[in-house]
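The structure appears right after this line, and notes come after that.
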Amino acid sequence: MSKHDLRRKQGHEDRESVKRTARRILLDLDGTRATATLYDEFAPKTCEAAWDILPVTGRAIHANWSGREIMLHLEGEKILRLPQEMKVRSNFVTEGDITYFYRASQMSRGKQLAYSAQFQRELSEFAIFYGSPAGEGLSAYDPARTPYKQGVHVLNKFATIDRPIPEEFRLKCETLRHEGLKPLTVSRYSEG
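Counting along the sequence shown from 1, when you hit position 2 you're at 2 in this note's numbering, and nothing is skipped either side.
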């Protein structure tokens, strides 16, 4: 089994092993929408903290090293400093996963001189993996995104995009690679 197939299988098993809740969020990327379901039983503190700060609006950026991932940096009063909650056997992310990521200030990822100022500050963000391969590329096994020291790095899966992921949403995410930042709002979602 290839690494990609193993990651996909483990991600699917992780999602299937938790009960889904009725709480959902809406992702609005420059007018294109997708919904996601929170994993309250899987990461209750992360889900509650994320729910409490909604709505969050900012400029989404495409990850350079993580495959098909967009990120929304949390700033000001929206910054979250949460404990590690991940109770799965791996850090693997798959298509549709939404994670909360935290990195303490002064935790640089090597010699990325163009970004050195960014890596000196505290980072709190939502990472949205919109397509396959998710979490691949140079950061697939990147220690900077691996939770290993409490309070220094935190990576919690807390939601998944509802299936099927809208193709329009995927395409809009992909445009960030070439067109740059786009407005993204994450808000509470209720049908009706």
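Glycine is no exception: its CB is placed at the ideal position from the N, C-alpha and C atoms.
Residue i burial status per 10 Å Cβ neighbour count (16 or more: buried)
{"i": "Lys-201", "result": "This structure leaves residue 201 out entirely; the chain is present only between 1 and 192."}
{"i": "Asn-64", "result": "exposed"}
{"i": "Ser-66", "result": "buried"}
{"i": "Gln-112", "result": "Reliability of the predicted coordinates at Gln-112 is poor, the pLDDT of 48 falling under 50, and no value is obtained from them."}
{"i": "Ile-70", "result": "buried"}
{"i": "Arg-103", "result": "buried"}
{"i": "Asp-97", "result": "buried"}
{"i": "Leu-171", "result": "exposed"}
{"i": "Ala-159", "result": "buried"}
{"i": "Ile-53", "result": "exposed"}
{"i": "Ala-22", "result": "exposed"}
Residue from the options whose Cα sits closest to the Cα of residue i
{"i": "Glu-41", "options": "Glu-85, Asp-5 and Met-71", "result": "Glu-85"}
{"i": "Asp-5", "options": "Glu-95, Ile-25 and Tyr-189", "result": "Glu-95"}
{"i": "Glu-191", "options": "Ile-25, Glu-125 and Met-1", "result": "Ile-25"}
{"i": "Leu-181", "options": "Leu-29, Ala-50 and Asp-97", "result": "Leu-29"}
{"i": "Phe-126", "options": "Pro-55, Met-1 and Arg-177", "result": "Pro-55"}
{"i": "Arg-68", "options": "Val-186, Pro-183, Arg-188 and Phe-169", "result": "Phe-169"}
{"i": "Thr-57", "options": "Pro-83, Leu-123 and Leu-72", "result": "Leu-72"}
{"i": "Glu-179", "options": "His-62, Thr-37, Ser-187 and Ala-43", "result": "His-62"}
{"i": "Leu-163", "options": "Ala-34, Leu-155 and Tyr-100", "result": "Note that residue 163 is Arg in the sequence shown here, rather than Leu. Of Ala-34, Leu-155 and Tyr-100, the residue nearest in Cα terms is Ala-34."}
{"i": "Ile-128", "options": "Ile-161, Glu-122 and Arg-121", "result": "Ile-161"}
{"i": "Val-93", "options": "Glu-77, Asn-156 and Arg-23", "result": "Asn-156"}
{"i": "Ser-132", "options": "Ser-105, Glu-122 and Cys-173", "result": "Cys-173"}
{"i": "Leu-27", "options": "Ser-124, Thr-175, Glu-75 and Ala-60", "result": "Ala-60"}
{"i": "Leu-176", "options": "Lys-45, Gly-76 and Tyr-130", "result": "Tyr-130"}
Per-residue DSSP class, three states only, for residue i
{"i": "Asp-52", "result": "helix"}
{"i": "Phe-101", "result": "strand"}
{"i": "Arg-81", "result": "coil"}
{"i": "Thr-202", "result": "With the chain running from 1 to 192 in the structure shown, residue 202 is simply not present."}
{"i": "Thr-175", "result": "helix"}
{"i": "Arg-59", "result": "strand"}
{"i": "Gly-131", "result": "strand"}
{"i": "Glu-41", "result": "coil"}
{"i": "Gly-270", "result": "No answer is possible for residue 270: the residues shown for the chain start at 1 and end at 192."}
{"i": "Glu-191", "result": "coil"}
{"i": "Glu-167", "result": "helix"}
DSSP beta-bridge partners of residue i
{"i": "Asp-28", "result": "Arg-33 and Thr-185"}
{"i": "Ile-161", "result": "Ala-36"}
{"i": "Asn-156", "result": "Tyr-100"}
{"i": "Ser-124", "result": "Tyr-102"}
Limits of the beta strand (DSSP E) - the one that residue i falls within
{"i": "Ile-70", "result": "67–73"}
is_contact[residue i, chain C] using C-beta, thresh 8 Å
{"i": "Met-1", "result": "Of the protein chains in this structure there is only one, and it is not chain C."}
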